[in-house]
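Comments concern the structure below.
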Amino acid sequence: MKYKTLFLLLLVLPVAACIPRATEPITNTPPVVAEPTATLPSAPTTTPETVVEAPASPTAISTSPIENATAVPPTPTPTETPTSTPTPMPVQVNSISLKTIIPEGQLVRPTYLTHAFDNRLFIIEQVGKIRIVENGVLLAEPFLDLQDRVGSFANEQGLLGLAFHPEYVENGRFFVNYTNPGGSTVIARFQVNSGNPNLADPDSERILLTIGQPFNNHNGGQVGFGPDGFLYIAMGDGGSAEDPQNNGQNPATLLGSLLRIDVNYDDGTNFYAVPSTNPFVNDDAIRNEIWSYGWRNPWRFSFDRATGDLFVADVGQYTYEEVHFQPANSTGGENYGWNIMEGQHCFNAESCNSEGLQLPIFEYNHSSGCSITGGYVYRGTAFPSLTGNYFVGDYCTGIIWSVIPQADGSWTNTQVLFLEKQISSFGEDANGELYAVGHATGEVWQIQP
């Protein structure tokens, strides 16, 4: 997660101490594969090497998007050119409300909410559990309990991300992001129990990536599928203050980056491949898994299900929190500025060279909060007045904003609610309805007018 030292004594969730630890190696270098098909390509001729955050020449390249990944309802898939959508109408101040779905005290440190293409809600608890809400009731038995594998759930570590495969209905696969006992980030795949849709098989784990973390904060944490069928992984800069290792501007490391991988590859040893359309796939000096870099601690990203556009909220250092926008037709490779910039401003310098950097569409300073929590563009059907508004909040103050595009390419924002509770995440159900998650109290709310 992503909470700042300045608020150490003020928050229920204390900020991670900046104590370095030995960096564990990144394991499982990707295999070299041909275009993903129903028949997997032959295995690589070399054993995957172990690297310690160094440039790795991937042995696996996927030559096209996953063909069937976009066919799963209810999420529509955009074309390469974003489809025409209605012009969003601004939401007025204090014009949204929250309906309680899960009352206080039933969940322990919830950090994310998502769906599995049906009417159930899946909520992850930082301590290592995935819980199910079915027909409005929180089920007593967890969908998956990883407490024996989550090495720490304090501060910014723990079980942080969950994503269901676009073909989950057919293959039963889902992916998680958690912290292991050594403090490293683990990206793993699991399988649902074949006899019970409300239980996962804890013995089905396949580890895709283990990424060493030099400090115990700025872990990023989200995993999510794009409309292209690939899995995106948000990685923070590895922590401490001011990015002392310069990971944000070093694409030779997976830290400080948004990764993009093909998880349809599986040769029994390697469980992902690098898409051939990744921006740095032909550069041996850069980790080929990287889709974009220059991130400090991206805490929640989402794809607009109507357009395919990507929104990423990045937690700032001392002064600014920010939201970035990547259009659906992006080919990747963007540099989002950290630690040259904080928001739209030079970081720790009176002047800097911002040429080639992507600046945020929305920022706020620390008079309005201290730690941003990214949200979603509303595309549900229950509340048409909210359509097209991107909702984002602050963990510390509970303020929620609406951000919408203008015809001239600019963006406007409006404060729409002052919740005064710690918002650890937003979530989206299968129908596009939106939710907010309260970290300290364990509450879950549905957003409505």
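With the sequence shown counted from 1, adding 21 to any position gets you my numbering.
Every residue, glycine too, gets a C-beta built ideally from N, C-alpha and C.
Source: prediction; values computed, not measured.
Which two residues bound the contiguous beta strand (DSSP E) that contains residue i?
i: Asn17; result: The structure shown does not extend to residue 17, since the chain is modelled only from 22 through 470, so no value can be given for it.
i: Val477; result: The question about residue 477 has no answer here: the residues shown for the chain are numbered 22 through 470.
i: Trp422; result: 420 to 426
i: Glu464; result: Looking at the DSSP string, Glu464 is not in any beta strand (DSSP E), and its letter there is neither H nor E.
i: Pro131; result: 131 to 135
i: Trp316; result: Taken as a continuous stretch (DSSP letters only), Trp316 belongs to no beta strand (DSSP E), as it is neither H nor E.
i: Ser118; result: 118 to 123
i: Tyr341; result: 341 to 347
i: Gly182; result: 180 to 185
i: Thr231; result: 221 to 232
i: Gly329; result: Careful: Gly329 lies outside any beta strand (DSSP E) and carries neither H nor E.
i: Ile361; result: Segment: none, Ile361 is in no beta strand (DSSP E) and carries neither H nor E.
i: Lys150; result: 150 to 155
i: Asn285; result: Counting along the chain, Asn285 falls outside any beta strand (DSSP E), and DSSP gives it neither H nor E.
So residue i and residue j are in contact, right, with Cβ under 8 Å, and what is the actual spacing, rounded?
i: Gly269; j: Gly315; result: 5 Å
i: Val171; j: Gly179; result: 6 Å
i: Asp283; j: Pro272; result: With a Cβ gap of about 19 Å, Asp283 and Pro272 do not count as contacting.
i: Ile425; j: Gly409; result: 6 Å
Return no unless some Cβ of chain B is closer than 9 Å to the Cβ of residue i.
i: Phe211; result: Chain labels in this structure do not include chain B; a single protein chain is all it has.
Skipping 5 residues on each side, what residues in its chain have a beta carbon closer than 6 Å to that of residue i?
i: Lys498; result: Coverage of the chain is limited to positions 22 through 470, which leaves residue 498 absent and any answer about it impossible.
i: Asp222; result: Gln212, Asn214
i: His136; result: Asp450, Ala451
i: Ser278; result: Met256, Ile311, Tyr314
i: Ser445; result: Thr132, Val458, His460
i: Leu220; result: Asn214
i: Asp325; result: Val398
i: Thr418; result: Gly390
i: Gln338; result: Glu363
i: Gln467; result: Lys120, Ile122, Tyr456
i: Asp335; result: Trp316, Arg317, Pro319, Glu343
Work out the CA separation of residue j and residue i for me, nearest whole Å.
i: Gly551; j: Gln243; result: Past the edges of the chain, shown from 22 to 470, lies residue 551, and the structure says nothing about it.
i: Gln469; j: Phe332; result: 21 Å
i: Thr274; j: Gly216; result: 41 Å
i: Tyr133; j: Thr290; result: 30 Å
i: Asp450; j: Asn350; result: 25 Å
i: Gln427; j: Val437; result: 18 Å
i: Gln471; j: Tyr397; result: Lying outside 22 to 470, the shown extent of the chain, residue 471 is not represented and no answer is given.
i: Ala209; j: Glu371; result: 43 Å
i: Ile382; j: Tyr411; result: 11 Å
i: Glu226; j: Asn156; result: 28 Å
i: Ala75; j: Asn240; result: Caution is warranted here: a pLDDT of 33 is assigned to Ala75, below 50, making its placement in the model unreliable, and no coordinate value can be reported.
i: Pro265; j: Asn140; result: 45 Å
i: Gly126; j: Asp304; result: 50 Å
i: Gly354; j: Ser388; result: 33 Å
i: Ile145; j: Asn237; result: 20 Å
i: Tyr416; j: Phe447; result: 11 Å
i: Pro348; j: Gly430; result: 12 Å
Buried or exposed: which applies to residue i, given that a residue is buried once 16 or more other Cβ atoms fall within 10 Å of its Cβ?
i: Asn369; result: exposed
i: Glu441; result: exposed
i: Ala306; result: exposed
i: Asn176; result: buried
i: Ile228; result: exposed
i: Pro131; result: buried
i: Val158; result: exposed
i: Ala327; result: buried
i: Ala161; result: exposed
i: Pro248; result: buried
i: Ala262; result: exposed
i: Gly377; result: exposed
i: Pro235; result: buried
Where do the ends of the alpha helix (DSSP H) carrying residue i lie?
i: Tyr189; result: 189 to 192
Take residue i and list the residues in its own chain whose beta-carbon comes closer than 7 Å to its own, dropping the five residues that flank it on each side.
i: Glu191; result: none
Given residue i, which residues of its chain have a CB within under 8 Å of its CB, disregarding the five upstream and five downstream residues?
i: Ser105; result: Caution applies to Ser105, whose pLDDT of 45 falls short of 50 and renders its modelled position unreliable; the model cannot decide the point.
i: Val148; result: Val129, Arg130, Gln168, Val171, Phe174, Gly179, Leu180
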